[in-house]
Every structure is written in C-alpha cells, then in structure tokens.
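Position one of the sequence shown corresponds to residue 20 (the working numbering), numbered consecutively onward. Using N, Cα and C, we set each Cβ at its ideal position, and we do this for glycine too. Please read these numbers as outputs of a predicted model, since none were measured by experiment.
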Amino acid sequence: MHPVVNQLIQLEELILIRNEQKVMNGEAHLDKLNDAIKGMTAKLPRDIREHAEKLNNKQQSAIVPIGEQVCSGCGMILPISLVQAVRLAREVHSCPNCARMLYFVESAAKRIASKRRRTGRQKGGIARFSSPSLMIPKLSSTSVEDVISEMASKLESEGFVEGSDKLVEASLQREAIVSTAVGHGLAVPHVRGVEGGGLTLAVGLSSKGIQWDSDQEQLTQIVVFIVIPTAASAFYLKLLAGLAETFSDADARKEILAEKGADGLWKALGKLTRKTVK
C-alpha cells in the first residue's frame, strides 16, 4: 500500500473516532485525538492535505475503499483501469464522481448483501439493522477479545457476513486506539468498511459483566457489535447517539438484562429503541 494512502486511512480512522467520542463520551480523550489528528495531517503532502481537508469540511470521508469495482463513498462503478491503478498503489487516485481518494483492500470481511431478515413488519428501532437470530442473551465469553470473537462468529454463522476473523482483528485494532466502553454498562465494538450490504448489529448480554476498560469502574453487561459499510458512517453516529440515550435509562437497562431468551431480548430492544433510533 502507498505510504500516503496508509497515512490517510489512519487519519480517517482518528477523525471518525473523535466524532464518536463527541457523541458518546463528551470531552473524553478529545485532546489526545485532536493532537494526533493535527500531527498526522501536517505530515501529508500539501496537495493531498488540502484535498483531504476540503472533503472533511464537507463532512465527507477523505478516503474510501473500493468494493466490487465500486466506490464505497458514492456507489459509482469505476473503470477497470482505475481499479487496477488503485490496486497497484503507485500513487494516490480519486473517484471521478465524488472526488474521494481511493484504496483497495485485498482481504477483508464482507457483508452478505443477499441475506434477508425474516422479522415481519419493521417498526423502527434496531429492527432495521438486526434480527432475532443475532440476539445473544447469555454471552459465554468473559474477556473483551473472546466476546468480540463470539459475536463476530454469530454474525458469520447466521449468514450476515463472511470472514469473522477479519472482523475480530479490525475490531481489536479499533479498541487499541480508544475503548468502545461508553458507560452505563454498555460497550459498542464495531468495524467500519464492511462492504456488500447495510449496517448490521448483534447484541449480547453478560449477567456477571466484563472488564472492558481498565479505566471504567462499571463492568460491561450490554454489548452491541456493529459492522458498518463506508456509506453508513454518518448515520452510524446517529445510531450511537440513540443507543446511548436508550441505555442511559436505568429502567431500560434493567428490562434488557432481565431477558433470558433471544426472542424476548429482540422484542424488548425493539420497543426501547423505537423512539431513540430513527
């Protein structure tokens, strides 16, 4: 991979994490993230830096992956010659339609677009993004890594994604930057750039709780694992805000944790998130 492309990908991740922190944790870690973003931006070649800043100012990702010969930022089918040039990575290339810079991923987890959810009429909340089959009312794992692996495997075994090992690897890399434990016993591990379909999430409960972050006094009991295509990155922040609002309510958490079966958990989450996740 071209070194500037790699730098742009890292920078984009930091910017997205900063946006998450603003939504979920207020001022937590913002100074550290801002310093890292400023330092990494300054190291970019001037023309690339100016182009990236212009895109970011429009609330757009500066760099996005190519998936199945398609720009994941705007959905345009790209010329094969451009796809090959991006794959060779001898220089930085942009989408001719949206101007986002492009990179090619040789091996990554994929969302299975043909998977259909048999959930009946969807009335809002998380029903648009999940399925009763992705509810895990009793997580068997007790560590962060094992929980993420268990939930990624659930997504794959139910036919929603391919390459759960890649999901685990990417999710743990994200955790290493800033923990996704957000308070109120909730953690939201996630992986971006999982192309091939829409945003999808699984939910797991731990009655004993998991030490997700050494800085968190409260153990994590509710885990929402999310795979996010690039095109849904902006909406994902709204989803985070909705989940934070839902689980900041002690009665809502109590109701969720009382569920012992997947169907009951699905119905309770649907009811509680109907107004907060839109």
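Whole angstroms is fine: what's the gap from residue i's alpha carbon to residue j's?
i	j	result
Leu-35	Thr-249	11 angstroms
Ile-67	Gly-92	18 angstroms
Glu-278	Val-201	22 angstroms
Glu-181	Pro-115	30 angstroms
Arg-137	Ser-150	With a pLDDT of only 46 at Arg-137, under the threshold of 50, the placement of this residue in the model should not be trusted, and no figure is reported.
Asn-76	Ala-61	16 angstroms
Gly-289	Ala-47	30 angstroms
Ser-133	Arg-65	With a pLDDT of only 47 at Ser-133, under 50, the local geometry of the prediction cannot be trusted, and the value read off the model is given with reservation. Taking the straight line from one Cα to the other gives about 42 angstroms.
Ala-171	Asp-184	8 angstroms
Arg-109	Val-89	20 angstroms
Leu-291	Ser-190	26 angstroms
Ile-28	Val-163	25 angstroms
Lys-227	Gln-240	7 angstroms
Arg-135	Tyr-122	In this predicted model, Arg-135 has a pLDDT of only 45, less than 50, meaning its place in the structure is not dependable enough to derive any value.
Gly-139	Gly-217	Since pLDDT at Gly-139 reaches only 49, below the 50 mark, its modelled position is unreliable, and no value is offered.
Val-242	Gly-94	31 angstroms
Ala-271	Arg-193	28 angstroms
Ile-384	Phe-148	Coverage of the chain is limited to positions 20 through 297, which leaves residue 384 absent and any answer about it impossible.
Ser-113	Glu-87	16 angstroms
Ile-267	Asp-54	Contrary to the premise, residue 267 reads as Ser rather than Ile in this sequence. Roughly 30 angstroms separates the two Cα atoms.
Ile-196	Glu-188	13 angstroms
Asp-50	Gln-235	19 angstroms
Leu-74	Thr-161	41 angstroms
Ile-85	Ala-269	42 angstroms
Arg-211	Ile-56	19 angstroms
Val-23	Gly-283	48 angstroms
Gly-215	Ala-104	22 angstroms
In the DSSP assignment, find the alpha helix (DSSP H) that holds residue i and state where it starts and stops.
i	result
Pro-115	Looking at the DSSP string, Pro-115 is not in any alpha helix (DSSP H), and its letter there is neither H nor E.
Lys-286	281 to 292
Met-43	22 to 43
Thr-265	252 to 266
Val-102	99 to 107
Val-296	Per DSSP, Val-296 belongs to no alpha helix (DSSP H) and is neither H nor E.
Asp-50	49 to 61
His-70	65 to 76
Leu-174	163 to 176
Is the Cβ-Cβ distance between residue i and residue j less than 8 angstroms?
i	j	result
Leu-111	His-21	Sequence inspection shows Val at residue 111; the Leu mentioned does not correspond to that position. Yes, the pair counts as a contact, with Cβ atoms nearer than the cut-off.
Arg-293	Gly-144	yes
Leu-205	Val-42	no
Ala-287	Glu-274	yes
Leu-33	Leu-63	no
Trp-231	Ser-252	no
Gly-261	Val-213	no
Thr-219	Leu-174	yes
Using 8 angstroms for Cβ pairs, my map puts residue i next to residue j. What's the rounded Cβ distance?
i	j	result
Leu-158	Glu-169	6 angstroms
Glu-39	Ala-81	No, Glu-39 and Ala-81 are not in contact; Cβ-Cβ is about 17 angstroms, not under 8 angstroms.
His-203	Ile-245	Contact doesn't hold; Cβ gap of about 17 angstroms is too wide.
Arg-119	Val-83	5 angstroms
Val-222	Ile-155	7 angstroms
Leu-2	Leu-186	Only positions 20 to 297 of the chain appear in this structure, which leaves residue 2 out of reach.
Check residue i in the structure and name its three-state DSSP category.
i	result
Pro-84	strand
Thr-219	strand
Val-18	Here the chain has residues from 20 to 297 only, and residue 18 is not among them.
Met-95	coil
Ser-226	strand
Leu-158	coil
Ala-277	coil
Glu-188	helix
Gly-144	helix
What first and last residue would you give for the beta strand (DSSP E) that runs through residue i?
i	result
His-209	209 to 211
Met-120	120 to 123
Thr-239	239 to 247
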